[in-house]
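For the sequence shown, numbering that gives the first Met the number 0 begins at 0 and goes up steadily by one. Please read the structure below before turning to the comments.
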Amino acid sequence: MQRYLATRLLQSLLLLVGVLVIVFWLVRLTGDPASLMIARDFASTEQLEEMRQALGLNEPLPAQFMRYTGAVLSGDLGYSLRFRQPARDAILSALPITLALSTISMLIALLIAVPLGIVGGNSPGSWQDALARIVGLIGQVTPSFWLALILIWVFAVNLRWLPSFGMDGAHSLILPAFALSVGAVGQLVRLTRSAVLEIRSEDYIRTARSKGLSALTIGATHIARNASIALVSVVGVQFTYLLAGSVYIESVFAIPGIGWMLNESIRNRDFVMVQSLTLFIATFAILINLATDVAYGLLDPRIRIGG
Numbered sequence: 000m001q002r003y004l005a006t007r008l009l010q011s012l013l014l015l016v017g018v019l020v021i022v023f024w025l026v027r028l029t030g031d032p033a034s035l036m037i038a039r040d041f042a043s044t045e046q047l048e049e050m051r052q053a054l055g056l057n058e059p060l061p062a063q064f065m066r067y068t069g070a071v072l073s074g075d076l077g078y079s080l081r082f083r084q085p086a087r088d089a090i091l092s093a094l095p096i097t098l099a100l101s102t103i104s105m106l107i108a109l110l111i112a113v114p115l116g117i118v119g120g121n122s123p124g125s126w127q128d129a130l131a132r133i134v135g136l137i138g139q140v141t142p143s144f145w146l147a148l149i150l151i152w153v154f155a156v157n158l159r160w161l162p163s164f165g166m167d168g169a170h171s172l173i174l175p176a177f178a179l180s181v182g183a184v185g186q187l188v189r190l191t192r193s194a195v196l197e198i199r200s201e202d203y204i205r206t207a208r209s210k211g212l213s214a215l216t217i218g219a220t221h222i223a224r225n226a227s228i229a230l231v232s233v234v235g236v237q238f239t240y241l242l243a244g245s246v247y248i249e250s251v252f253a254i255p256g257i258g259w260m261l262n263e264s265i266r267n268r269d270f271v272m273v274q275s276l277t278l279f280i281a282t283f284a285i286l287i288n289l290a291t292d293v294a295y296g297l298l299d300p301r302i303r304i305g306g
């Protein structure tokens with residue numbers, strides 16, 4: 000187990016270094032940051048030169064990278080012209096909203112997908128199994144942004160039960176969370192059903208049935224517990240997808256989270272904020288995957304004993 004954790008930690012550190020390098024170079028490949036932040040048609044050559052000097056863009060690229068790396072390691076992500084505050088403070092102020100939205104979406108997906116997948120996989124060929132397959136298919140082919148517009152039209156415009164945009168309390172996250180969760184529901188239903196179908200044919204399940212254990216006991220004690228091992232790795236990946244999906248969902252509902260902030264930064268040519276948000280989201284995804292690997296190792300005895 001210790002070797003497994005050490006390997007995963009080293010891989011995460013190398014990924015973080017790679018993300019730092021890629022973010023630095025890709026942003027600069029988009030063009031001159033100074034001309035991106037100041038419209039070239041309305042800025043003089045002197046103004047562009049002053050902006051390059053202020054950002055340190057007159058230095059050689061290796062020197063810029065070393066300075067950028069040192070600033071990131073010290074927690075300095077630069078200053079956002081769009082939000083008129085340090086990029087780190089702007090990100091930290093928006094992070095709780097995005098985390099709340101992604102967490103609620105994941106809980107909705109788990110509450111719908113896992114019971115449906117277990118019931119459908121444990122009774123193949125039944126109407127419950129057909130329902131699980133239909134829900135899985137619909138979830139995977141339904142675009143989240145399209146569902147968001149439908150939810151706004153039904154529950155905000157016609158019924159007027161929930162707000163259509165903005166952040167005015169926890170109820171403002173209900174519609175965005177349902178719209179964001181649809182893809183995760185489809186993926187988790189299909190995975191849970193497949194895992195249960197495979198587990199129910201194992202020898203220890205037949206032994207449990209021969210001992211006279213009830214279907215509920217077998218499902219809760221043996222099938223659900225072993226199916227959770229397969230779910231753990233996918234839940235971590237799905238959570239990162241939810242963070243990525245928040246970019247357009249938050250933009251549709253005008254929720255001031257990380258995704259909305261990234262969209263605003265791109266629209267307003269806030270070079271520093273785009274770079275900082277990209278780095279932050281990538282780092283957060285790597286940390287989530289690391290936590291998923293650790294949880295997987297704790298749940299699977301074969302990893303704990305080095306198998």
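We put the CB at the ideal spot given by N, CA and C, even for glycine.
Query                                                                                                                                                                                             : Result
Are the segment 202-211 and the segment 93-111 touching, with three or more C-beta to C-beta distances below 8 Å?                                                                                 : no
Going by DSSP, what residue range makes up the alpha helix (DSSP H) through residue 162?                                                                                                          : First-last for residue 162: undefined, no H or E at that position.
Enumerate in chain order the residues of its own chain whose CB-to-CB distance from residue 183 is below 6 Å, with the five nearest sequence positions on each side excluded.                     : 108 and 237
With H, G and I counted as helix, E and B as strand and the rest as coil, what does DSSP make of residue 85?                                                                                      : strand
Can you pull the DSSP bridge partners for residue 92?                                                                                                                                             : Its beta-bridge partners do not exist; DSSP assigns none.
Can you give the Cα-Cα distance for residue 90 and residue 112, rounded to whole angstroms?                                                                                                       : 32 Å
Ignoring anything shorter than 4 residues, give me the alpha helix (DSSP H) runs that lie fully in the segment 101-150, in order along the chain.                                                 : 126-140 and 143-150
Measuring alpha carbon to alpha carbon, tell me which residue in 291, 187, 58 and 123 is nearest residue 134.                                                                                     : 187
Please report the distance separating the alpha-carbon of residue 93 from that of residue 87.                                                                                                     : 10 Å
Please go through the same chain and pick out, in chain order, the residues whose beta-carbon is closer than 6 Å to the beta-carbon of residue 64, but skip the five residues on each side of it. : 23
Excluding five sequence neighbours on each side, which residues of the same chain lie with their C-beta closer than 7 Å to the C-beta of residue 57?                                              : 51
Quickly, what does DSSP pair residue 79 with across the bridge? List them, please.                                                                                                                : 84
Taking the alpha-carbon positions, what's the residue 306 to residue 164 distance?                                                                                                                : Unreliable positioning characterises residue 306 in this predicted model, as indicated by a pLDDT of 49, which lies under 50. The coordinate reading is nonetheless provided below. When rounded, the distance between both Cα atoms is 51 Å.
Using the Cα positions of residue 175 and residue 243, report the straight-line distance between them to the nearest angstrom.                                                                    : 14 Å
Between residue 162 and the rest of its own chain, which residues show a CB-CB distance below 6 Å, the 5 nearest in sequence each way excluded?                                                   : 171
On the three-state DSSP scale, how would you describe residue 182?                                                                                                                                : helix
If you reduce the DSSP assignment to three classes, tell me which class residue 255 lands in.                                                                                                     : coil
Could you check the C-alpha separation between residue 45 and residue 70 for me, to the nearest Å?                                                                                                : 27 Å
Flag this pair as touching only if the segment 273-281 and the segment 131-148 have three or more C-beta atom pairs under 8 Å; answer yes or no.                                                  : no
How should residue 17 be labelled, buried or exposed, when 16 other C-beta atoms within 10 angstroms of its C-beta is the threshold for buried?                                                   : exposed
Can you give the beta carbon distance from residue 230 to residue 191, rounded, assuming they're within the 8 Å contact cut?                                                                      : 7 Å
CB residue 195 to CB residue 116, shorter than 8 Å?                                                                                                                                               : yes
Going by C-alpha distance, which of 55, 193, 168 and 157 is nearest residue 122?                                                                                                                  : 193
Measuring only the C-alpha atoms, how far is residue 158 from residue 152?                                                                                                                        : 9 Å
Give me the residue from 60, 7, 82 and 15 with the minimum Cα distance to residue 268.                                                                                                            : 82
Where does the unbroken alpha helix (DSSP H) through residue 24 begin, and where does it stop?                                                                                                    : 1-28
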